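Asks:
Number of protein chains: 2
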Amino acid sequence: MSDDVAWLDDAEMETWLALIGVVMRLPNALDEQLRRDARLSHFEYGVLAVLERAEDRTKRMSDLAYLCNGSLSRLSHVARRLEDAGLIERFACPTDGRATLAKLTPHGMDVLAKAAPGHVALVRELIFDALDKEEAAQFGALARRILNRLEES
Amino acid sequence: MSDDVAWLDDAEMETWLALIGVVMRLPNALDEQLRRDARLSHFEYGVLAVLERAEDRTKRMSDLAYLCNGSLSRLSHVARRLEDAGLIERFACPTDGRATLAKLTPHGMDVLAKAAPGHVALVRELIFDALDKEEAAQFGALARRILNRLEES
DNA sequence: GCCAGAAACTTGAATGTTCAACTAATAATA
DNA sequence: TATTATTAGTTGAACATTCAAGTTTCTGGC
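Residue numbers (our numbering), protein chains in the order written: chain A, 1 to 153; chain B, 154 to 306.
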């Protein structure tokens, strides 16, 4: 249990507090807009958005969970609700009997299309209106480096 | 419901996906370490850490909620659990009868001190080992700008 | 000084997420 | 080809968070 670790200096602490602030507040901001405009959580929106871009609008559950940055268990619960609402459908994978495939339905595409403009507007307002083009690219590159670390563990 | 919004271009999408990846994965990574080493969630750790730095190790609940980036309701539930565990105590504010003050107990300080090294080590590993000093400062400044937006709404 | 409205918290119910156990299917090993 | 281990997914219970009241206290007209 790593003792004798260098404490964060003032500059590091500022960075950390800014990051953790964004990390803790952004999901609520996204949820609120989506919930209000489309009765969708941000995680649900992410599932639909990933499926829309996928080959044949279909993905394996475990791949989907990875791409949505969530656990398989979380996805499984959410997928059941989305399926009950008719936004996706699930069926066994023909080549691997263990796997389940999730596919976006036409109705799911409609709901996603209705929700997207408001969502994109909010993302633009919160992120890309606050940063110019170069800053945004810089920020993204650094976030990607952190994300790579997170994905290793 | 803001229609006709400019979609995200490729560079913006990359930035957004990197950010949202960090936002969704970092809390789990922090929770796991703290849960394992100190039976604390990251939010609970945050509450204790803010109190430790506060004047007289005491804060009003609503100020504490703001500083911890959470809702007052969330804090209220968490505070009850922390109080039951003897890590904090709560009492009425002498100058404003509506307010509740939360104070870190000696036992709470102990638990925090035990949890801190492992937590800081993880933060360092995930963030500050991936970024050099200048990059970290840059990243923090940009995150702060986004956080300011989030705090406005 | 009263009264309407706002602010600060708390609470219980509804909802969402994690955790641990479980089933079923495939891959690996002998 | 049996046997075991691993992988994929689901499920129900435990736990955490949100949401919508509800209580109490304070503030600002009047």
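Heads up, the beta-carbon is just placed ideally off N, CA and C, and yes, glycines get one too.
No experiment lies behind these values; they were computed from the predicted model shown.
Select from A:Arg74, A:Met109 and A:Trp16 the residue whose C-alpha is nearest the C-alpha of A:Asp56.
Replies: A:Met109
Asks: From the DSSP secondary-structure annotation, give me the bridge partner or partners of A:Ala29.
Replies: The partner list for A:Ala29 (beta bridge, DSSP) is empty, contrary to what the question assumes.
Asks: Per DSSP, which residues does A:Leu74 bridge with? Please list them.
Replies: Checking the sequence, you will find Arg at residue 74 of chain A rather than Leu. According to DSSP, A:Arg74 bridges with nothing at all.
Asks: For the stretch 56-130 of chain A, list the alpha helix (DSSP H) runs that are entirely contained and at least 4 residues long, ordered along the chain.
Replies: The stretch 56-130 of chain A contains, as complete alpha helix (DSSP H) runs of 4+ residues, the segments 61-67, 72-84 and 106-123 (chain order).
Asks: Mind checking if B:Ala238 is an interface residue toward chain A, Cβ cutoff 8 Å exclusive?
Replies: no
Asks: Cα-Cα, which of A:Leu87, A:Ala85, A:His42 and A:Leu131 is closest to A:Arg25?
Replies: A:His42
Asks: Compare the C-beta of B:Glu165 with all C-beta atoms of chain A and state if any pair is closer than 8 Å.
Replies: yes
Asks: For the stretch 294-302 of chain B against the stretch 11-18 of chain A, do three or more pairs of beta-carbon atoms, one drawn from each stretch, fall closer than 8 Å, so that the two count as touching?
Replies: yes
Asks: Counting pairs of Cβ atoms below 8 Å between the stretch 117-127 of chain A and the stretch 269-284 of chain B, do you hit three or more?
Replies: No, because fewer than three Cβ pairs between the stretch 117-127 of chain A and the stretch 269-284 of chain B fall closer than 8 Å, the two stretches do not touch.
Asks: Is B:Asp163 helix, strand or coil by DSSP?
Replies: helix
Asks: Locate the alpha helix (DSSP H) running through B:Leu303, then write down its first and last residues.
Replies: Counting along the chain, the alpha helix (DSSP H) containing B:Leu303 begins and ends at Lys286 to Glu305.
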